[in-house]
Amino acid sequence: MKKILLTLALVFSTAFLFAQQTYPVNGSYDVRPGLYAFTNANIVVNANQTISNGVLLVKDKTIQSVGTGTTIPKGYVVIDLKGKYIYPSLIDAFTSYGIPEAQRAGAAGGFGGFGGRQSVFTSTKKGAYNWNESIRPETEVRTVFTIDTKKADDLRKAGFGSVNAISRDGIARGTSAAVTLNDGKENEVMLNDQSAANYSFNRGTSSNDYPSSLMGSIALLRQTYMDASWYKGQKEEYNISLEQFNKQQSLPQLFEADGWANILRADKVAKEFGKQFIIKSNGDEYQRIDAVKATGATLMIPISFPKAFDVEDPTEARNLSLAQLKGWELAPTNPGVLEKAGVKFALTTYGLDAPRDFWANIQQAISNGLSEKQALMAVTEIPANILGINDKVGSLEKGKLANFLITSDNLFKSGNIIFENWVQGKRFVVNKMDVTDLRGTYNLNIDGIGSTILRITGTAGGSVAAIERLGADSVKTNATFTRNGDWVTITFNLKKNPTGDVRLSGYLTGASPLAFSGDVIVNALAAGSWNGSLKEAAKDAPKRDEPAKPAIANGPLIFPFIAFGNSSLPVQETVLLKNATVWTNEKEGILQNADVLMENGKIKAVGKNLSAGSAKVIDATGKHITAGLIDEHSHIAASGGINEGAQSVSAEVRIADVINSEDVNIYRQLAGGVTTSHILHGSANAIGGQSQLIKLRWGKSPEELKFGGNDGFIKFALGENVKQSSSTSSTRFPSTRMGVEQVYVDAFTRAKEYEKALAVKGNNVRRDLELDALVEILNNKRFITCHSYVQSEINMLIHVADSLGFKINTFTHILEGYKVADKMKAHGIAGSTFSDWWAYKMEVQEAIPYNGKIMHNVGITTAFNSDDAEMARRLNQEAGKSVLYGGVPEEDALKFVTLNPARMLHVDNRVGSIKVGKDADVVIWSANPLSIYAKAEKTFVDGIAYWDIDRDAQVQKAQKAEKARIIQKLADSKNAGARTQRAFGERPPRLYACESEEDYWAEVNQMEGEHNHE
């Protein structure tokens, strides 16, 4: 009777707690305060304080007191929780809870008018807003938020009481709101109506073509910061977006970044403008933990880990890359790695298939090094502090909201049960408190499978399971069994009938006898329903402490985190190369039986019979030594698109912002003797983006790949790509070669006017990143590499440059260079061409293989480039073709891919030849480097052997064994009942070239839509 009365008291008292002060009542006004005393509980006040046999007093929505020996006031309902625990309800700082889903654009190709639609250059949004729809700081979640009862229920059952609701749309996304997961009115659940200003690099649902690339997004965000700064001091226009952007700078700044590389990119933007982002990442920070830690950023990390791959089919198993395999194994270590490194972070359910998976993944993280203390802080105090709601939630203290959990045991102990989740003093039953032990034998009936026996064993009321199918097709297998409140999930694989993973998701439907029912999912597809009831309860066994789990053995981290990565990077040594044929590229020419000494990353000596001292000696007898090859025109090692082609001029974008250190082409090109690559923007527009010179330092971070101390360059382009000859829908200017000329005239005219305006003291000139780059060109601080084919256009640009006062450094491709060699020579313009490419499009029909020879003979600095990830592996052979076509002397031919591109790039003082004092970028070849039979045996960059043909054989052997080890671990995981996914190989990396067309963000958003888990 007492129990019935208590239940009724709880029902009636909580039913009337939340009538709003400002809402009228249609009927009698009946508000009753909820008065509760929870006694004899283990109260976890916060991660650092636990009270044994404590008392928690709650009145209405708030905590009145927490402690021991508390005198319980009259009128309080006393609830005895002897042996049970009370924890603060959890907080998820990154969700889209209560936000209408944005309709994202689909993937398409093309520079403008993506997917066949007309180009959209400026905002279609009515009103005084920003010109670009992806800059939408005027978005306020508090104005669109609505309670989602289904999602709230799912989150509460997983233990959450509060979340941060974010509109995940655009680059500047506006403000988020922190809310509770109560089911009252929106007015009542708001904890902080402006919890953060939100950002990302993703264009989102914007209908504008720009930005179409990652580097474009970075440039747009940088320009927005500058525009907002200018806006504060101007009186020319009213802009709602910039007004709101400025107002939000005092809020916490929350940035959604996809991967550790974007963490570094976001942090670089933040530091440029004096900000510190709180960064939501994707959980791969362990791969570059030192760089991530150096940002000083607080992180929000997902607890979603890759499912085990089903490797039963060896053919499919072979499709898995080393990165996929190691990513599956090491992803659960991420929280522990961050904790060990001292990085502050919160945990989020974002990315999980369902909130109920949170606890299984937390257990996995704890097994891989995350402490329980840090885990609790990461879902209570830390997110509360981030969101500015730590005065209301995050711990159990007097005056704070009554957001708390009642559990059977330590929150992180395997088999713990969350009984109740109280939110703002309102009780939500998660699991029946009188049903704690589910161990026993059950009869199940599963659609498509038939009658089965389920046996639940283990500790803490059930943590281990096995499935037995009855009948002629009988089989036994282990299963995973997880329980979150009244939810149960059972996953198993019967090998056949059906083939693949079977997941039973269901609820506890009866307590006497215990009964379940729910849905059947086979290979991620709905396959019917199931039900079951208890046949026989488990017999009591002597109580034993849960055994300590053995430490999980994982393989080493590798740099970069792909095939051919190294667990430890090669180091710089003093090295003496003995008795080789040395191609110096200097006045000494080719030296026979000569030595090269490298020390501290520089060439220290070149000659014969050099003393070794303490140097490592390599006998190079019969070998050839050259300077490292230099590719003047490359598109490797870049992320998120190589073209920002949505506008005619994109001088504001920088390849430097999107360098990708994880590109396997770096390693492959080292194997071809390449040590330096000039990474160029594509040829989508007349004035493209700023380029980046890199050294191929395999395993280093993106910043460490950058050459350093070199002049800046920029990509221009002429011809069919610029005028969009292949487009049928684009309305982007220009569409003719005449229009291309006008783009240059207009751009540099504006740049000159801009420079004059900047020179006027006190003039409030809007900083323009696009024009800044053009002013650098006018002042010989940035240099042009121009994509070119046709003689008439080459003449045109030379004329425009003469008339507007800028210089052209290099014509690249320049397949009609033989027609204009005299003019190029007169203007000091270099030519970086192909060895023998021709007839692959209309404007190349008059190319000849003697082009390089003719330009060289005229006295033009001539080089051969790749513009192709594959061709760059054989640049030495490309150089050799100049000997075939025209009889270029071998020493000069080698300079086409060494010293001459170094001169074009203004770095011949450091690289391009074997000379004392230059960087020790050196290649040992097995034969004459111009021979098709020559192999690069060792490639040194800064005196470090990043490529070694013998070490490569060892690496391949070791990584084959490493893949086999992880595949066996995957098979064991499946046999133990782990959920699996099909072993699809990862999408191959895109190989960029000048003409590469894509709308990067449309593709990203389409893929996210296909794999949306929130």
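In our numbering, the protein residues as written are 42 to 1055. Where is the CB? At the ideal position from N, CA and C, for every residue including glycine.
Membership of I677 in any beta strand (DSSP E) is not indicated, and neither H nor E is assigned to it by DSSP.
Two segments are said to touch when three or more pairs of C-beta atoms, one from each, lie closer than 8 Å; by this definition the segment 637-652 does not touch the segment 688-702. The beta carbon of S282 sits closer than 6 Å to those of Y170, N171, I176, P178, E179, all from its chain and outside the five residues before and after it, given in chain order. Around the beta carbon of F1025, fewer than 16 other beta carbons lie within 10 angstroms, which makes this residue exposed.
In this structure, the straight-line span from the alpha carbon of G116 to that of K433 is close to 25 Å. Between Q733 and I707, the CB-CB gap reaches or exceeds 8 Å. Contact between S675 and E1036 does not hold, since the beta-carbon distance rounds to 14 Å and is not under 8 Å. Cβ-Cβ distances below 8 Å link R397 to D195, K198, A199, T523, N525, W528, T530 in the same chain, with the five nearest sequence neighbours on each side left out; the list follows chain order. Contact annotation: S689 and A727 have beta-carbon atoms nearer than 8 Å.
Residue range 76-87 is occupied by the beta strand (DSSP E) that includes N83, with no alpha helix (DSSP H) assigned at that position. According to the DSSP assignment, P743 belongs to no beta strand (DSSP E) but to the alpha helix (DSSP H) extending over 743-746.
At a Cβ-Cβ threshold of 8 Å, A364 and F602 count as neighbours. Burial is judged here by how many other beta carbons sit within 10 angstroms of a residue's own beta carbon; N444 has at least 16 and is buried. Contact between the segment 397-417 and the segment 209-227 is absent: fewer than three C-beta pairs spanning the two stretches fall below 8 Å. For R510, same chain residues with a beta-carbon under 6 Å away, outside a window of 5 residues either side, are T493, V516 in chain order. When secondary structure is reduced to three states using DSSP, N375 falls in the helix class.
With respect to N375, G324 sits close: the two C-beta atoms are nearer than 8 Å.
By a beta-carbon distance limit of 8 Å, I593 contacts N409. Their separation comes to about 6 Å. Counting only runs of 3 or more residues that sit fully inside the segment 190-242, the beta strand (DSSP E) segments are 201-206, 213-221, 231-241, in chain order. As DSSP reads the structure, K467 sits in a beta bridge with V464.
Rounded to the nearest whole angstrom, the CA to CA distance from L916 to I304 is 34 Å.
Annotated three-state conformation of Y483 is strand, per DSSP. In the three-state reduction of the DSSP assignment, V612 falls in the coil class. Spatial neighbours of A193 in its own chain (CB-CB distance under 7 Å, excluding positions within 5 residues in sequence) are listed in chain order as L222, D224.
Scanning its chain for C-beta atoms nearer than 7 Å, with the 5 sequence neighbours on each side dropped, one finds around W739 the residues I707, Y708, L711, Y987, in chain order. A check of alpha carbon separations from H947 across I825, Y859, N762, E313 identifies I825 as the nearest.
Taking 8 Å as the upper bound for CB-CB distance, I330 and A298 are not in contact here, some 15 Å apart. The bridge partners DSSP lists for K643 are E640, D960. CA-CA distance, K367 to K348, rounds to 12 Å.
Short of 8 Å from the beta carbon of N431, and not among the five residues preceding or following it, lie these beta carbons of its own chain, in chain order: E422, A425. When A567, A82, H665 are compared, the shortest CA-CA separation from T111 is found for A82.
With distances taken between CA atoms, D542 lies nearest to A1019 out of A1019, Y1041, D1040. Using a Cβ distance threshold of 8 Å, I113 and F79 do not count as a contacting pair.
Residue environment analysis places G573 among the buried positions, since at least 16 neighbouring C-beta atoms fall within 10 angstroms of its C-beta. When only Cα atoms are considered, T103 and S1014 end up about 45 Å apart. Contact between S362 and A668 is ruled out by a C-beta separation of about 34 Å, above the 8 Å threshold.
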